[in-house]
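Numbering (full-length UniProt numbering), first residue to last: 1 to 726.
All residues carry an ideal CB built from backbone N, CA and C; glycine is no exception.
Since the structure comes first, as structure tokens, the remarks are kept for the end.
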């Protein structure tokens, strides 16, 4: 039966309630591995939202169980854990942000940051540290930990010691069982120094002589025999600890005592027990099997589509180039949003779609052209002796043919593609260069919205280098905290009062100065740091909004733009909850804005996440309404509270009858859906007056204020209050 604790509130009662069971009894009471139970107990003892049981795995730390820690980084080099051992078994930090030793710790700097931390070292065999029991809180605790609670935590640490020792013994037993029952020809066991400690008779047979204990494993597999010596050496050195035998293998070459060169298929099983690393190599002689496979000359065609593979097409292209066939063109075709098909309909439907695409491409293929599946959702076409105009006519017909809806297993699927084409215009061009040019053109077509054909231009390579450099700079900007938020006021068109502000990202570049989003936002949205920056924007905007002055007894709302990737992240709801809880911002003062990229998705993920956010009282707005394909369908599928009229319609609303008609239509649609409307880019009083007459609720733009840094925005609000005698 699992141990159930009901902890009294008084510390003295707390100690009393925990004095009867000894650690051994508690160890037997916990269920399963017991890690989750201990973490839950630790949270109850200190009434803390964060707790974790962390094990030492050699030089690394492994989180065995946690609550509230999430994906926060944990490593033995962090200040919170350095020096924790039997001599210094505890570390209490009441306010990590004010502690110069702990302030640099990633746990203190991450989101959510730990301000209070109490870490206890868990003793293992022979007194070596086996792990850490950590309890934390995003809020500081100046009072520290009272003695009764400290005694309970020390007792929990002793329980953890028993749990970790039991885990170590179970792991050792399982490793031995795995090796004993594995289907192998030979086994070599190696210690942490790379020396052989055991070899079974089958291993002796493979090498042609008995293997002596203490032999260096690197001597058994000399670098000069390996196909890729640097990879083989790295593979032998860097065993990742794990209980199960890895499913991947590595080919190693040896020379037997008789001089024969043999190929061994090696599977590695690595572990750490009692702080000491170990590794077993499970070996199988596959020399004859590999020779047979080579002789069979495996089919060069793709199994799914029946088309030639990448290598076959490149060989044909090399022949055309070597024979100087001109004109010569290469096209790469990539399906747009194909991942959504796999994610929503399953890989079986996705495979059927790829087969259908292959059939349609083959059906329309010119007699002289060559077609291959290049991998994933990409196909390649080679056009020998075909002029560029004819190639482009064929590819446009391909796009139109693919766009015809198809039914796959009772599911209606719309296929869209982007195509890049490049012509051989140099006498000594290689196939790799020609394909790379076509790929650059295809990526350009995708960035331009997809569903189109793009021809390679030399500027595309420059743009690719620029994007790569910008991506690296964005990573640095994230690490160096170069981003900042500015706030643009939003005004009620009927009362003239500010109702909130939109948080707009700025980048204070060390060389180029303050950059507006149009200089980097697209690259950031596709960068690996977009989720990190998105979390930072969320928390910083909520924190800043809590400093804004009150107007007429009402507090201003803050609007935040979401990156598309944030709605793919299952942690979004937790991150929003944490941002609100840690800053104190009420949910009703937060508005999250989504773009057409999010609205166009039909996978149900966005709708579910937005519905959960609205259930918390958070408002949702649709940015740049009316500019794209998703506006009307989005209002039917996604739960939103407000739409924003794009500045492109507001700019000429007085002079352009078309723009005025669009604005009227948006307002009518919003009224029918019971949504509020805000207009962006309002620069003149005449524009504001017309929008008000048409029934628009709010506006933002230079007429009222540009986007301002926090201090200037607060001053702007104070000035408004002063002018209106607030």
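Whether residue i touches residue j by CB criterion (8 Å)
| i | j | result |
| --- | --- | --- |
| residue 347 | residue 416 | no |
| residue 54 | residue 46 | no |
| residue 545 | residue 419 | no |
| residue 136 | residue 114 | yes |
| residue 667 | residue 635 | no |
| residue 255 | residue 220 | no |
| residue 52 | residue 134 | yes |
| residue 654 | residue 606 | no |
| residue 677 | residue 647 | no |
| residue 313 | residue 380 | yes |
| residue 384 | residue 421 | no |
| residue 49 | residue 68 | yes |
| residue 470 | residue 456 | no |
| residue 369 | residue 307 | no |
| residue 276 | residue 214 | no |
| residue 576 | residue 610 | no |
| residue 378 | residue 350 | no |
| residue 117 | residue 96 | yes |
| residue 684 | residue 710 | no |
| residue 592 | residue 565 | no |
| residue 534 | residue 562 | yes |
| residue 140 | residue 110 | no |
Close Cβ partners of residue i (< 6 Å) along its chain, the five nearest in sequence each way excluded
| i | result |
| --- | --- |
| residue 24 | Low local confidence applies: a pLDDT of 37 at residue 24 is under 50, so the model's placement there is unreliable, with the coordinate-based value given in what follows. Same-chain partners within the cutoff: there are none. |
| residue 182 | Confidence at residue 182 is low in this model, with a pLDDT of 49, below 50, so its placement is unreliable and the value that follows should be read with caution. If we look at residue 182 and ignore the five residues flanking it on each side, its Cβ neighbours are 282. |
| residue 210 | 204 |
| residue 90 | 120 |
| residue 730 | Residue 730 falls outside the range modelled here, since the chain spans only 1 to 726, and no answer is possible. |
| residue 328 | 320, 384 and 424 |
Residue i burial status per 10 Å Cβ neighbour count (16 or more: buried)
| i | result |
| --- | --- |
| residue 56 | buried |
| residue 154 | exposed |
| residue 443 | buried |
| residue 382 | buried |
| residue 697 | buried |
| residue 394 | buried |
| residue 454 | buried |
| residue 424 | buried |
| residue 500 | buried |
| residue 468 | exposed |
| residue 320 | buried |
| residue 629 | Since pLDDT at residue 629 reaches only 45, below the 50 mark, its modelled position is unreliable, and the value read off the structure follows with that caveat. So residue 629 ends up on the exposed side. |
| residue 524 | buried |
| residue 673 | exposed |
| residue 83 | exposed |
Own chain, CB closer than 7 Å to residue i, minus 5 neighbours either side, in chain order
| i | result |
| --- | --- |
| residue 503 | 485, 487, 537, 541, 558, 559 and 560 |
| residue 78 | 105, 106 and 107 |
| residue 401 | 360 and 364 |
| residue 680 | 644, 645, 646, 647, 650, 700 and 701 |
| residue 493 | 688, 691, 692, 696, 697, 698 and 699 |
| residue 19 | A caution first: residue 19 carries a pLDDT of 33, below 50, which makes its placement in the model unreliable, though a value can still be read off. Around residue 19: no qualifying Cβ. |
| residue 144 | 92 and 94 |
| residue 508 | 482, 484 and 514 |
Cutoff 8 Å; reference residue i; Cβ partners in own chain excluding five residues on either side
| i | result |
| --- | --- |
| residue 190 | 196, 197, 217, 278, 279, 280 and 281 |
| residue 28 | The predicted position of residue 28 is uncertain, since its pLDDT is 37 and thus under 50; a value taken from the coordinates is nonetheless stated next. Around residue 28: no qualifying Cβ. |
| residue 716 | 489, 705 and 708 |
| residue 549 | 714, 717, 718 and 721 |
| residue 257 | 207, 208 and 209 |
| residue 262 | 206, 253, 254, 255, 256, 285 and 287 |
| residue 574 | 70 |
| residue 142 | 94 and 95 |
- Query: Within the chosen definition, does the stretch 423-440 reach the stretch 403-412 through at least 3 CB pairs nearer than 8 Å?
  - Reply: Touching, no.
- Task: Kindly confirm or deny that the stretch 463-477 and the stretch 542-556 touch, where touching means at least three C-beta pairs closer than 8 Å.
- Result: No, because fewer than three Cβ pairs between the stretch 463-477 and the stretch 542-556 fall closer than 8 Å, the two stretches do not touch.
- Message: If we require 4 or more residues per run, which alpha helix (DSSP H) segments fall completely within the stretch 148-234?
- Response: Annotation: the stretch 148-234 contains the following complete segments of the alpha helix (DSSP H) (minimum length 4 residues), in chain order: 201-207 and 217-220.
- Can you check the stretch 377-402 for any alpha helix (DSSP H) of at least 4 residues that lies completely inside it and give the ranges in chain order? As far as the stretch 377-402 is concerned, its whole alpha helix (DSSP H) runs of at least 4 residues are 388-402.
- Message: Does the stretch 115-125 come into contact with the stretch 154-166, if we say contact requires no fewer than three beta-carbon pairs (one atom in each stretch) closer than 8 Å?
- Response: Under the Cβ criterion (8 Å, minimum of three pairs), the stretch 115-125 counts as touching the stretch 154-166.
- Inside the stretch 526-577 only - alpha helix (DSSP H) runs reaching at least 4 residues: For the stretch 526-577, whole alpha helix (DSSP H) runs of length 4 or above, ordered along the chain, are 530-545 and 564-568.
- Query: What are the complete beta strand (DSSP E) segments, minimum 3 residues, inside the stretch 38-112?
  - Reply: If we require 3 residues or more, the beta strand (DSSP E) runs fully inside the stretch 38-112 come out as 50-57, 60-67 and 90-93.
- Message: If we require 3 or more residues per run, which beta strand (DSSP E) segments fall completely within the stretch 314-351?
- Response: The beta strand (DSSP E) runs of length 3 or more contained entirely in the stretch 314-351 are, from start to end of the chain, 328-335.
- Counting only runs that start and end within the stretch 444-484, where is the beta strand (DSSP E) found for 3 or more residues in a row? Listed in chain order, they are 453-455.
- Query: What are the complete alpha helix (DSSP H) segments, minimum 4 residues, inside the stretch 667-721?
  - Reply: Taking only runs of at least 4 residues, the alpha helix (DSSP H) segments lying wholly in the stretch 667-721 are 685-694.
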